[in-house]
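Numbering (the numbering used here), first residue to last: 5 to 504.
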């Protein structure tokens with residue numbers, strides 16, 4: 005009996021815990037949003053399936069535009085309407101981030117922009133946006149960086165003429181190089197025969213893969229798994245990927261410190277170091293050690309916000325245009341009529357390219373690249389649309405539902421750029437429901453970079469080339485590989501250069 009006693013105590017403890025969790029799970033405030041029943045400990049995770057955004061859309065039909073689910077032991081509320089998402093995300097009470105080991109590991113603590121909140125987030129976001137506006141995104145220097153990478157991709161297309169070629173990972177190196185040049189002033193040349201070559205790209209890819217794998221094991225909402233099964237849960241791989249990317253950025257930061265000229269900053273790191281040097285307030289997020297940690301996190305944040313999203317939107321563009329030849333032909337005709345066949349397309353052409361702009365907006369809608377957006381956390385108890393959203397509740401903006409709602413779009417299943425054009429086709433008509441970069445106080449910091457990159461790449465590629473389906477696989481597959489980011493399944497195209 006002496007040896008059985010600890011086992012008995014453990015069994016009793018487990019039963020008590022399960023009973024408590026079951027009771028706690030059901031004991032909700034009467035104004036808490038309704039939702040599907042789940043199980044203790046795992047909640048509704050097992051019901052989400054391989055494509056959670058589609059499951060959430062089905063639950064929307066049953067429970068309405070606002071409903072609740074359980075992610076492990078965490079309460080979550082799903083918002084399925086763009087107007088409601090905008091209203092809630094404009095409130096500072098919804099601007100928190102999940103503060104558990106999984107999310108904090110990526111930014112090495114509550115640092116940077118994406119995984120932080122409060123004063124730290126406000127200071128870092130304000131500084132980065134101001135610096136990028138003054139130095140990068142709104143200046144010709146950023147356009148020049150992007151166009152340099154466009155040339156490398158055009159070389160790849162030239163080499164690929166004639167036979168079916170895979171576009172998989174085609175744009176990642178170009179996007180990473182633009183971002184890395186903006187951040188550090190350094191450039192990794194794109195190889196025309198192998199555009200995937202880049203040390204920074206490999207480390208950035210490794211981190212995204214580790215994040216996806218760890219999220220798929222449930223680690224994001226059951227961080228205790230890192231103690232029970234660090235390898236199987238993906239925790240070990242995540243730590244290694246974060247460490248390698250941090251080492252890479254730390255090396256660049258040290259090089260910048262050694263040659264910093266306060267009178268002549270050349271990139272984001274220079275501007276950040278100057279801000280740190282002039283900061284004397286110990287409570288500032290730029291002060292000494294905390295400033296260094298925030299700088300490293302900001303570098304990773306920019307790659308998180310810009311790399312996979314922008315490069316895969318370009319990939320979706322190739323897929324949709326390849327299999328919609330009528331749309332592709334209209335796009336090419338507009339580019340040739342406005343830009344010509346020889347002049348390099350420019351951001352200044354945007355206003356004169358309404359059909360091109362409409363195509364890009366439709367790609368952003370159809371690809372639904374981040375289907376469940378970036379999760380928020382309630383910072384205090386809040387009444388919203390008659391429901392109570394308690395403090396620490398996770399908020400899921402179901403962007404996929406907003407981008408595919410028949411009540412908003414009419415025929416969301418069709419790829420139809422004309423939905424963003426006036427009747428005469430001369431003016432772009434915005435739709436407030438198009439929120440691929442989220443909305444509100446925490447709208448994606450990479451939105452401007454992404455839109456500029458998309459325009460310059462698409463206009464430049466289709467000015468010179470046309471794309472055709474692989475004759476061996478002519479039927480398109482628009483079903484994504486589900487994940488945090490919706491990636492197109494691997495596909496091939498046949499590239500043909502326009503005849504003069």
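Positions of the beta carbon are idealized from the N, C-alpha and C atoms, including for glycine.
- The residues 207, 210, in chain order, have a CB closer than 7 Å to that of residue 248 in the same chain once the five nearest residues on each side in sequence are set aside.
- Contact check for residue 339 and residue 357: beta-carbon distance about 7 Å, within the 8 Å limit, so the pair qualifies.
- Taking residue 54 as the centre and dropping the five residues before and after it, the same chain places the C-beta of 486 closer than 6 Å to its C-beta, in chain order.
- The region 81 to 91 makes no contact with the region 264 to 283; the number of CB pairs closer than 8 Å stays below 3.
- In this structure the region 404 to 424 does not touch the region 452 to 464; the number of beta carbon pairs closer than 8 Å is below three.
- The region 296 to 304 and the region 150 to 167 do not touch, with fewer than three beta-carbon pairs separated by less than 8 Å.
- When rounded, the separation of the alpha-carbon atoms in residue 252 and residue 111 is 14 Å.
- For residue 387, no alpha helix (DSSP H) segment is defined; the enclosing uninterrupted segment is the beta strand (DSSP E) at 386 to 388.
- In the DSSP assignment, residue 491 forms a beta bridge with 485.
- Where residue 187 is concerned, the enclosing alpha helix (DSSP H) starts and stops at 176 to 188.
- With a cut-off of 8 Å on Cβ pairs, the region 395 to 413 is in contact with the region 373 to 381, counting three or more such pairs.
- For residue 329, the three-state secondary structure derived from DSSP is helix.
- Within the DSSP bridge table, the entry for residue 398 names 80, 381 as partners.
- Under the DSSP definition of a beta bridge, residue 73 partners with 80.
- For residue 33, the CB contacts under 8 Å within the same chain, skipping 5 residues up- and downstream, are 392, 394 in chain order.
- Under DSSP, residue 470 takes part in a beta bridge, and its partners are 500.
- Taking C-beta atoms as the reference points, residue 108 and residue 77 fail to come closer than 8 Å.
- Under DSSP, residue 392 shares a beta bridge with 387.
- Under the Cβ criterion (8 Å, minimum of three pairs), the region 320 to 331 counts as touching the region 459 to 475.
- The C-beta distance from residue 168 to residue 327 rounds to 14 Å, too long to fall under 8 Å, and the pair is not in contact.
- Residue 279 and residue 42 have their C-alpha atoms some 49 Å from each other.
- Short of 8 Å from the beta carbon of residue 429, and not among the five residues preceding or following it, lie these beta carbons of its own chain, in chain order: 358, 359, 422.
- In the three-state scheme derived from DSSP, where H, G and I count as helix and E and B as strand, residue 170 is classed as strand.
- Listed as beta-bridge partners of residue 96 by DSSP are no residues whatsoever.
- In the DSSP assignment, residue 246 falls within the unbroken alpha helix (DSSP H) covering 239 to 263.
- Membership of residue 446 in any alpha helix (DSSP H) is not indicated, and neither H nor E is assigned to it by DSSP.
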